[in-house]
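Read the structure below first, then the notes.
Residue numbers (the UniProt record's numbering): 1 to 344.
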C-alpha cells in the first residue's frame with residue numbers, strides 16, 4: 001500500500017517532462033515561418049516599390065520617346081522634300097524657257113534656217129491614202145524640185161502620219177519607202193496612226209512641228225479638200241507678225257449625245273445643260289500662230305482631248321489670249337467663199 005504513491009509520482013514526472021521535449025522544434029518551426037513570411041513580405045514590398053518607380057520613369061519619359069515617323073517626316077529627314085521643291089522649280093523654269101522660244105532642235109529639220117519661215121503646212125494622211133497623196137502631188141501640192149523651191153520661199157509642206165500599232169510592219173515599211181522616193185513626209189514617231197487618235201495627232205503635229213521648224217504659222221489640212229495654195233500663202237503673208245492668231249472657219253453647234261450617231265461626243269455632259277460646243281475653228285483647215293503652237297508643245301502632257309480634233313484644239317485656245325479670226329475662205333464647203341479650199 002505504501003508503494004502506490006511512489007509509482008504515481010514517477011509517472012507524473014514523465015508526463016510533465018513531455019511538453020518540455022516537444023516545445024523546441026515547434027519554436028524553431030514558428031521562428032522559421034516568421035522569418036520566411038518576413039522575407040516574402042519584404043520581396044513583395046520591394047517588387048511593388050520597383051514597379052511604382054518604373055511606372056513613374058516611363059510616365060516621365062513618355063514625352064521624350066521618339067514617335068513613329070510618317071512618310072512625309074522621313075522624306076524631310078532625308079532631304080527629299082528640299083530636292084522635290086528644287087525639281088518643281090526647275091520644271092517651272094524649263095516651262096518658262098520653252099514658252100519663250102528656247103526649244104530643243106528649234107531650228108532643225110528640212111527647210112529650216114536661222115531666219116523665220118512663213119508657214120509649215122501639215123497635210124493629214126493615213127496608211128491607205130496613197131492614191132489621195134498622188135492626186136495632191138499632181139494638183140495643188142508641188143513635188144520634187146518645185147517643193148524645194150517652195151521651201152526657199154519660206155513654205156514647208158509635208159504629209160503628216162504616225163506609226164503603225166505594230167511597229168516596223170508592212171504599213172510602216174511602205175511609208176518609209178514612199179518617203180525615200182518623194183521626201184515629202186513628216187512622220188510622227190511617237191504617235192500611233194488610227195482614226196480614233198486624230199485629236200492626239202493634232203497635239204503631236206503642232207508640238208513636233210514647232211521643234212523642227214521656226215515658222216510664223218502652223219497649218220493643219222485634212223486630206224479631203226483641194227487647197228488654193230497661192231491663196232493661202234497670200235493670206236498668211238498679209239497676216240505676218242500677228243501673234244496669238246487662231247484662224248479658221250469659226251463655228252459652234254450642238255453636241256451629239258446619242259451614241260451611234262455621227263459626231264458622237266462621249267463626254268457630252270461636260271458641255272452643259274444646253275449641250276452646245278464653244279466657238280472653235282471647225283472643218284478641214286485651221287491655223288495657229290507660232291506662240292499658240294508653242295503653247296500646245298509646252299503643255300502637251302496636260303492638254304485634254306475630246307472625240308474630235310477641231311473641238312480639242314478649240315478647247316486648248318479657250319484659256320488663252322488668242323485672237324479668233326473667222327475667215328469664210330476656210331469654210332471649204334461654203335458657196336460664198338473666194339476659194340482658199342474646197343472639198344475634194
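Glycine is no exception: its CB is placed at the ideal position from the N, C-alpha and C atoms. Given the structure is predicted, the values throughout are model-derived calculations rather than measurements.
Put simply, the segment 313-330 touches the segment 247-257. At least three CB pairs are less than 8 Å apart.
Between residue 124 and residue 226, the CB-CB gap reaches or exceeds 7 Å. Distance from the CA atom of residue 169 to the CA atom of residue 190, rounded to whole angstroms, is 16 Å. Annotated as distal: residue 217 and residue 307, with beta-carbon spacing of 7 Å or more. Secondary structure of residue 258 (DSSP, three-state): coil. About 6 Å separates the beta carbons of residue 313 and residue 202, which is inside the 8 Å limit, making them a contact pair. Taking C-alpha positions only, residue 140 is separated from residue 291 by approximately 28 Å. Annotation: residue 262 to residue 231 spans about 32 Å, alpha carbon to alpha carbon.
As computed with DSSP, residue 264 is found in a beta bridge with 256. DSSP places residue 278 outside both helix and strand once states are collapsed to three, so it counts as coil.
Excluding five sequence positions before and after residue 333, the CB atoms of its chain that fall closer than 7 Å to its own CB belong to 343, given in chain order.
Here DSSP, grouped into helix, strand and coil, assigns residue 208 to helix. Pairing residue 122 with residue 251 gives a Cβ-Cβ distance that is not under 7 Å. In the DSSP assignment, residue 180 falls within the alpha helix (DSSP H) that extends over 170-182. The three-state secondary structure of residue 308, taken from DSSP, is coil. Where residue 156 is concerned, the enclosing beta strand (DSSP E) starts and stops at 155-163. The beta carbon of residue 193 lies closer than 7 Å to those of 126, 127, 161, 162, 163 and 164 in the same chain, with the five residues before and after it left out. With contacts defined by Cβ atoms closer than 7 Å, residue 214 and residue 294 do not form a contacting pair. Of the other Cβ atoms in all chains shown, fewer than 16 fall within 10 Å of the Cβ of residue 40; this residue is therefore exposed. In the same chain as residue 150, and ignoring 5 residues on each side of it, the C-beta atoms closer than 6 Å to its own belong to 142, in chain order.
When secondary structure is reduced to three states using DSSP, residue 323 falls in the strand class. Of the candidates 171, 167, 178 and 173, 178 places its Cα closest to the Cα of residue 158.
Residue 211 and residue 181 have their C-alpha atoms roughly 25 Å apart.
Between residue 257 and residue 280, the alpha-carbon positions lie close to 19 Å from each other. Scanning its chain for C-beta atoms nearer than 6 Å, with the 5 sequence neighbours on each side dropped, one finds around residue 154 the residues 117 and 118, in chain order. Every alpha helix (DSSP H) of 4 residues or more that sits fully in the segment 203-249 is shown, in chain order, as 229-238.
DSSP places residue 343 in the strand class (E or B) of the three-state scheme.
Cα atoms of residue 302 and residue 316: separation of roughly 10 Å, rounded to the nearest angstrom.
Short of 7 Å from the beta carbon of residue 239, and not among the five residues preceding or following it, lie these beta carbons of its own chain, in chain order: 245. For residue 152, the enclosing alpha helix (DSSP H) has its first and last residue at 145-152. Leaving aside the five residues that flank residue 204 on each side, the residues in its chain whose CB is nearer than 6 Å to its CB run, in chain order, 188 and 191.
In the DSSP assignment, residue 290 forms no beta bridge with any residue. The beta carbon of residue 254 is closer than 7 Å to those of 275 and 276 in its chain, skipping five residues each way along the sequence. Spanning the alpha carbons of residue 129 and residue 135 requires a straight line of approximately 10 Å. By the neighbour-count criterion, in which 16 or more other beta carbons inside 10 Å mark a residue as buried, residue 48 falls on the exposed side. Counting only the Cα atoms, residue 36 lies some 31 Å from residue 57.
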